[in-house]
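Residue numbers (the numbering used here): 470 to 677.
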């Protein structure tokens, strides 16, 4: 492990779904759809969805969110049936994620920044609250990535210069938004890529 007085960053800030948490949403949505869309098409439509963004800001009721999604994606489900599926999309930490967080927590402050919602936030927190120092959830803050407001909130609360915060996210637009305010931001798609990035910055040791 890199010595504390040599480290490049004071805080490691992690997205959750697709980075530390196995979020099965895009694969599960593909199974629910009556027509074929690629994973990237589903992901793009989901991220751009007004209903998703409002739900993740905490200003849309669950039943309204579910109704809008079933209509917008033409799902062969009732809103109630969709909610039952949606809750289970957050499967929990990837194997090895908790152990990794414990390791990096020995030398860095560890934080999480996630676009989340009232159905998933408590589950995420419960799964990894013993290895995360501070959580930032969009539905609790009232803004979503990639909006500048959510990054400004995190930087103010951490009270650390932006360049001393390393941010890891699986969505390019979020990484670019973080870089625009001075964070050292890196795109990673999945836990294996996260480990590789941490090794490349000497945050964890390279495998022998």
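Ideal Cβ placement from N, Cα and C applies to all residues, glycine included.
(request) Can you give me the start and stop residues for the beta strand (DSSP E) that residue 604 sits inside? (result) 603-606
(request) Just list the beta strand (DSSP E) runs in the stretch 570-619, keeping only unbroken ones of 3 residues or longer that don't cross its boundaries, in chain order. (result) Runs found: 578-583, 603-606.
(message) Among 564, 625, 626, 587, whose alpha-carbon lies nearest the alpha-carbon of residue 597?
(response) 564
(request) With DSSP as the reference, label residue 473 as helix, strand or coil. (result) At residue 473 the pLDDT is 45, less than 50, meaning the model places this residue with poor confidence; the figure from the coordinates comes in the next sentence. DSSP places residue 473 in helix when its eight states are reduced to three.
(request) Indicate whether residue 484 and residue 581 have their beta-carbon atoms separated by less than 9 angstroms. (result) yes
(request) Mind listing, in chain order, the continuous beta strand (DSSP E) runs of no fewer than 3 residues lying wholly within the stretch 484-568? (result) The DSSP assignment places 490-492, 559-562 as complete runs of the beta strand (DSSP E) inside the stretch 484-568, in order along the chain (cut-off: 3 residues).
(request) Quick one: grab the DSSP three-state call for residue 657. (result) Residue state, collapsed to three classes: coil.
(request) Please state if the CB of residue 646 and the CB of residue 615 are separated by a distance shorter than 9 angstroms. (result) yes
(message) Buried or exposed, going by whether 16 or more other CB atoms sit within 10 Å of the CB of residue 577?
(response) The residue in question, residue 577, is buried, as its Cβ has 16 or more Cβ neighbours within 10 Å.
(message) Rounding to the nearest angstrom, what Cα-Cα distance links residue 608 and residue 476 in this structure?
(response) 32 angstroms
(request) Classify residue 652 as helix, strand or coil using the three-state DSSP reduction. (result) coil
(message) Along the chain, where does the beta strand (DSSP E) containing residue 635 start, and where does it finish?
(response) 634-638
(message) Only counting the same chain, and skipping five residues up and downstream in sequence, which positions put a Cβ closer than 7 angstroms to that of residue 473?
(response) For residue 473, the predicted structure reports a pLDDT of 45, less than 50, and the residue's modelled location is therefore unreliable. The matter cannot be settled from this model.
(request) Kindly indicate which three-state DSSP category residue 629 falls into: helix, strand or coil? (result) coil
(request) Output the distance between the C-alpha atoms of residue 617 and residue 487, rounded to the nearest integer angstrom. (result) Cα atoms of residue 617 and residue 487: separation of roughly 21 angstroms, rounded to the nearest angstrom.
(request) Using DSSP bridges, identify the partner residues of residue 482. (result) Here residue 482 is bridged, per DSSP, to 580, 636.
(request) Could you tell me whether the stretch 556-575 touches the stretch 536-545, using the rule of 3 or more Cβ pairs below 8 angstroms? (result) no
(message) Short of 6 angstroms in beta carbon distance, which residues of its chain neighbour residue 624, apart from the five on each side in sequence? Order them along the chain.
(response) 631
(request) Report yes if the CB atom of residue 611 is closer than 9 angstroms to the CB atom of residue 533, and no otherwise. (result) no
(request) Go through its chain and collect everything with a Cβ distance to residue 508's Cβ below 6 angstroms, but skip five positions before and after it. (result) 495
(request) Evaluate residue 677 with the Cβ neighbour count: other Cβ atoms within 10 Å of its Cβ, from every protein chain shown; 16 or more gives buried, anything less gives exposed. (result) With a pLDDT of 37 at residue 677, under the threshold of 50, the modelled position of this residue cannot be trusted, and the question is left open.
(message) Check whether chain D comes within 9 angstroms of residue 603, counting only Cβ atoms and requiring the distance to be less than that.
(response) Looking for chain D here will not work: only one protein chain is present.
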